[in-house]
Every structure is written in C-alpha cells, then in structure tokens.
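Under this note's numbering, the first residue of the sequence shown is numbered 22, with each subsequent residue one higher.
No residue lacks a Cβ here, since even glycine has one placed at the ideal position from N, Cα and C.
This one's a predicted model, so the numbers in the text were calculated from it and none came from an experiment.
Written out below as structure tokens is the structure these notes cover.
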Amino acid sequence: MGGPVMTKAELLARCEELYEDLDLTSVREWKEQNPGGRAVGYLPTYVPREILHAAGVLPVGILGAGEQLEIVRGDACFQSYICHLPRSVVELGLSGRLDVLDGMIFPSTCDVIRNLSGIWRILFPDKYTRYLDVPQNFAPEVGGAFYEVVLRELWSELCALSGREPDDEALRAAITLYDANRKLVRELYDLRAAEPWRAPASEAYLLLRAGMVLPVEEHTRVLAEYLALVREEERAMVDNARVLLTGAFCEQPPLTLIRTLERAGCDLIDDDFMPVLRWLGHDAGDALETDGDPVRVLAEAYLGDEQESACRFVPDGQPKGARLVETVRRRAAEGVVCAAPSFCDPALLERPMLQSALDEAGIAYTAFKYAENTGQMQPIREQAGTFADTIKLWGDE
Ligand code: SF4
Numbered sequence: 022m023g024g025p026v027m028t029k030a031e032l033l034a035r036c037e038e039l040y041e042d043l044d045l046t047s048v049r050e051w052k053e054q055n056p057g058g059r060a061v062g063y064l065p066t067y068v069p070r071e072i073l074h075a076a077g078v079l080p081v082g083i084l085g086a087g088e089q090l091e092i093v094r095g096d097a098c099f100q101s102y103i104c105h106l107p108r109s110v111v112e113l114g115l116s117g118r119l120d121v122l123d124g125m126i127f128p129s130t131c132d133v134i135r136n137l138s139g140i141w142r143i144l145f146p147d148k149y150t151r152y153l154d155v156p157q158n159f160a161p162e163v164g165g166a167f168y169e170v171v172l173r174e175l176w177s178e179l180c181a182l183s184g185r186e187p188d189d190e191a192l193r194a195a196i197t198l199y200d201a202n203r204k205l206v207r208e209l210y211d212l213r214a215a216e217p218w219r220a221p222a223s224e225a226y227l228l229l230r231a232g233m234v235l236p237v238e239e240h241t242r243v244l245a246e247y248l249a250l251v252r253e254e255e256r257a258m259v260d261n262a263r264v265l266l267t268g269a270f271c272e273q274p275p276l277t278l279i280r281t282l283e284r285a286g287c288d289l290i291d292d293d294f295m296p297v298l299r300w301l302g303h304d305a306g307d308a309l310e311t312d313g314d315p316v317r318v319l320a321e322a323y324l325g326d327e328q329e330s331a332c333r334f335v336p337d338g339q340p341k342g343a344r345l346v347e348t349v350r351r352r353a354a355e356g357v358v359c360a361a362p363s364f365c366d367p368a369l370l371e372r373p374m375l376q377s378a379l380d381e382a383g384i385a386y387t388a389f390k391y392a393e394n395t396g397q398m399q400p401i402r403e404q405a406g407t408f409a410d411t412i413k414l415w416g417d418e
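Here you go:
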C-alpha cells in the first residue's frame with residue numbers, strides 16, 4: 022500500500038480486498054519483490070513475529086477462510102464437534118491457496134491446533150511445520166528460561182529456512198518495528214473507546230486483519246494514515262450502547278457479524294480479535310537499554326504482560342474474569358458480548374467463569390456462538406438489538 026496517501030474509503034477498500042483474498046496475493050507479490058524472502062504462516066493466538074522478521078521471514082496470520090470457501094476435504098479431518106477454523110485451514114492448504122507459504126507455525130492455543138500441527142506434517146511433509154510451545158509458568162527462571170530456549174530454536178530453524186545467520190541487531194530492529202506497530206494498535210483501540218463513532222469496530226477490524234498479511238512496516242503506515250484521517254474527519258456522534266466483546270481470540274467472526282452488531286446499536290469499544298497484535302501490552306524494546314540480549318528481552322516481555330486469555334494460565338489468587346471486569350471499568354463499557362466460536366473449548370469453558378465475574382460486578386452481558394462462516398445474522402441482530410436497548414433504557418438504574 023505504498024505510493025500516494027489514500028483517502029479513508031480507498032484505504033478501507035484495500036484492507037477489505039486483503040481480508041477477502043484467500044489466495045494471499047499480497048504475500049505472493051511480497052515474495053516477487055523480495056527474491057529469496059520466505060513467508061511462514063501462523064495460527065492464532067500468539068507467535069513472536071519479531072523472530073520471523075529477524076530471520077528474513079514474512080509472518081502471515083492464517084485465520085481460516087471466513088464465509089467464502091466451501092469445506093469438503095477439511096471436514097474429513099475433524100469430527101463434527103470441532104470448531105470450524107481447522108477445517109477451513111486444511112481446505113485452504115489442500116486447495117493450493119497456501120502454497121506460497123514456506124512453512125506453518127502452530128502455537129499452543131488448544132488441542133485442536135496441536136492436532137492440526139500433526140495433520141499438517143502428514144499432509145505437507147516437505148514444508149517446514151513447527152508446533153510452538155509457550156510458557157504457562159511466568160517465573161523468569163522457569164517459564165522464562167524455557168521460552169528463551171524455544172525462541173532460540175525457532176530463530177535458528179527459520180534462519181536455516183531463509184539462509185541467514187541469526188543476528189542480534191536484526192532482532193533488536195524487529196522488536197523496535199513491532200513496538201511501533203503495537204503503539205498504533207493501542208492508539209486505535211484508545212480512539213475507539215473514546216470516540217467509537219470516529220473509528221467503528223467494523224473499520225478497525227479490517228485494519229487489524231490487514232496486519233495479518235502486510236509486512237509490519239507497511240501495516241504501521243496504514244494504521245498511521247487511518248488514524249490521521251479519522252481524527253480530522255467530521256463524523257456525527259452516535260449514541261449507541263458501549264459494549265466490549267470477548268471470546269473471539271481465535272476463529273474470527275465474519276465481518277458481517279461485526280457490522281450486524283453495530284447496526285443493532287452496539288459500539289464495540291474493545292474486543293479480543295487477533296490478540297497477536299496486542300499480546301505484549303508494552304514496548305518490549307524498553308528493556309533493550311538494560312539487557313543486550315534481544316531473545317531474553319522478548320521472552321521476558323511475554324512473561325511480563327498480564328494478558329488475560331482462555332489459553333493463558335491464570336495463577337491461583339487471580340480469579341478468571343478479574344481482568345475483564347477491570348477492562349470494562351477502564352473503558353467505561355456498559356455491557357459485554359460473550360461471542361465464542363461454536364465448539365471452542367477454551368472460550369466456552371472459560372465463559373461461565375467470566376459470566377460469574379460479570380454477575381458479581383453487576384455488569385450486563387449477553388452471549389452467543391458463531392462460526393467463521395455464520396451466514397444467518399437475523400437472530401444475532403435481534404439479540405444484540407435487545408441487549409443494546411436494555412442497556413440504553415435501564416442501564417443506569
Ligand atoms: S476456535 Fe477455539 S477450539 Fe478452535 S482452534 Fe481456536 S482456540 Fe481451538
């Protein structure tokens with residue numbers, strides 16, 4: 022998306038094009054422009070993209086096929102009581118749409134993704150496939166030491182793929198680049214919370230999705246351009262219900278679902294879409310000033326952030342849902358939409374605990390399930406519309 026500065030409509034149209042492009046055309050173009058460059062896909066929820074960048078590899082977020090692909094072969098690999106995401110990822114792979122990728126990383130998000138990594142090895146024996154474990158113990162001498170070893174292994178494997186040598190300077194530079202990106206993602210969320218009519222969730226979602234396929238430098242430029250455009254724009258204030266959405270950290274809802282929630286009167290002022298973009302909630306690079314080892318810096322950045330997620334262990338004494346309640350308060354949300362993918366064990370097993378925390382805090386919520394290819398929006402529109410009306414009519418009582 023280089024060249025002259027775009028209008029907001031052009032910028033969003035380009036992001037929507039990327040969102041719909043299951044053939045990863047932008048990744049193919051990147052490889053043509055960067056001979057010898059490698060591209061490696063990764064599944065939700067978190068991978069250390071800095072390591073990929075430092076190895077000369079373009080990280081490509083693979084989030085399934087949304088509403089657009091009929092699943093035939095993908096269904097053969099999974100039982101009917103498994104979520105939709107792995108089926109469409111298999112379908113994308115077997116239909117050749119992911120051929121441009123030189124490998125795939127499967128983070129330890131859940132058993133389904135773990136099993137998918139094994140299936141991938143069988144289906145694509147010639148491609149690099151990595152199951153990526155992340156620590157669930159956050160003591161630096163335990164989880165930190167473990168994660169450092171994992172990161173060093175990953176880095177050296179990716180460098181072998183790209184034909185480079187691990188270079189600390191390249192990793193430091195990558196950390197700085199991703200910090201700049203995370204800073205603008207935080208700004209986007211802050212703007213949504215402060216003036217949701219200026220940066221609606223359906224627009225922000227497209228911008229975030231673009232971050233799955235664009236090189237980080239380009240995605241940062243896109244975010245900066247969008248923020249500059251919407252801050253200047255005259256846009257009518259809308260008095261919708263201020264709602265936080267949780268549960269959509271892996272299989273993503275279709276864009277139509279987000280638009281439906283907005284049309285039903287909900288301003289989504291925060292969410293957990295694509296958590297890889299916000300997993301580190303601070304500038305990891307700050308620690309580079311005191312610690313010269315960028316791998317250790319990255320490992321400790323992971324430990325240090327208390328990101329609440331269904332796939333991250335919450336130590337005893339820190340009840341599940343405490344972070345959600347704190348975010349609702351901090352963002353001045355009026356209610357919560359618990360929206361989880363059908364058959365998503367992590368999200369659905371966590372949901373009762375989150376709902377107990379919301380009940381205890383007296384915070385209104387509504388809950389439903391979706392799939393990435395959910396097409397029938399009317400029931401969701403009615404449920405969300407009733408929820409928004411309830412908040413507006415009786416929220417302050
Ligand atoms: S949607 Fe849930 S169950 Fe499915 S792969 Fe993602 S985390 Fe696992």
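Evaluate residue i with the Cβ neighbour count: other Cβ atoms within 10 Å of its Cβ, from every protein chain shown; 16 or more gives buried, anything less gives exposed.
i	result
N55	exposed
D147	exposed
S47	buried
M233	buried
T407	exposed
F270	buried
R94	exposed
Q339	exposed
F334	exposed
Y102	exposed
W300	buried
S377	exposed
I143	exposed
L370	exposed
R252	exposed
G396	exposed
G117	exposed
For residue i and residue j, what's the separation of their Cα atoms in angstroms?
i	j	result
R173	A285	48 angstroms
M295	E329	13 angstroms
L90	G313	46 angstroms
N394	L309	43 angstroms
V419	G58	This structure cannot settle anything about residue 419, because the visible part of the chain is limited to 22 through 418.
R169	T28	Contrary to the premise, residue 169 reads as Glu rather than Arg in this sequence. Rounded to whole angstroms, E169 to T28 spans 43 angstroms at the Cα level.
E216	F99	42 angstroms
V297	E381	30 angstroms
L192	L324	18 angstroms
R425	R344	Outside the modelled stretch of the chain, which goes from 22 to 418, sits residue 425, for which no answer is possible.
G139	L375	32 angstroms
R350	R185	47 angstroms
E71	Y391	32 angstroms
V111	R402	31 angstroms
A361	I83	18 angstroms
A405	N202	32 angstroms
K413	W51	47 angstroms
V133	L43	22 angstroms
Q157	H74	25 angstroms
I92	C180	34 angstroms
F214	D291	Per the sequence shown, residue 214 should be read as Ala rather than Phe. Roughly 7 angstroms between the two C-alpha positions.
T5	Y210	Absent from the structure is residue 5, since the part of the chain shown begins at 22 and ends at 418.
Name the one or two DSSP bridge partners that residue i has.
i	result
Y391	P362
L265	D291 and V357
P60	The sequence shown places Ala at residue 60, not Pro. Note: A60 sits in a beta bridge opposite L79.
Y323	Paired residues: none, contrary to the question.
T386	Going by the sequence as given, residue 386 is Tyr instead of Thr. DSSP lists V357 as partners of Y386.
Quick one, are the C-beta atoms of residue i and residue j less than 8 angstroms apart?
i	j	result
Y149	R135	no
F389	C104	no
R256	R219	yes
A76	S223	no
L79	A60	yes
N261	A409	yes
A155	S129	In the sequence as displayed, the identity of residue 155 is Val instead of Ala. In this structure, S129 lies closer than 8 angstroms to V155 by Cβ.
E88	P274	no
L113	E246	no
L282	C36	no
L198	V237	yes
V358	T311	no
Counting along the chain, where does the alpha helix (DSSP H) carrying residue i start and finish?
i	result
L153	First-last for L153: Y149 to L153, but that is the beta strand (DSSP E), not the alpha helix (DSSP H).
I126	Run containing I126: none in the alpha helix (DSSP H); it sits in the beta strand (DSSP E), G124 to P128.
E197	Looking at the sequence itself, residue 197 is Thr, so the reference to Glu does not match. Start and end: D189 to A215.
L39	K29 to E41
I279	L276 to R284
C180	A166 to S183
G233	Looking at the sequence provided, one finds Met at residue 233 rather than Gly. Taken as a continuous stretch (DSSP letters only), the alpha helix (DSSP H) holding M233 covers A222 to V234.
H105	Element bounds for H105: n/a, residue is neither H nor E.
L119	Premise fails: L119 is in no alpha helix (DSSP H) and is neither H nor E.
L137	D132 to L144
Q89	Taken as a continuous stretch (DSSP letters only), Q89 belongs to no alpha helix (DSSP H), as it is neither H nor E.
Using a Cβ cut-off of 8 angstroms (strictly closer), state whether residue i contacts chain B.
i	result
E216	In summary, chain B is missing from the structure at hand, where a single protein chain is found.
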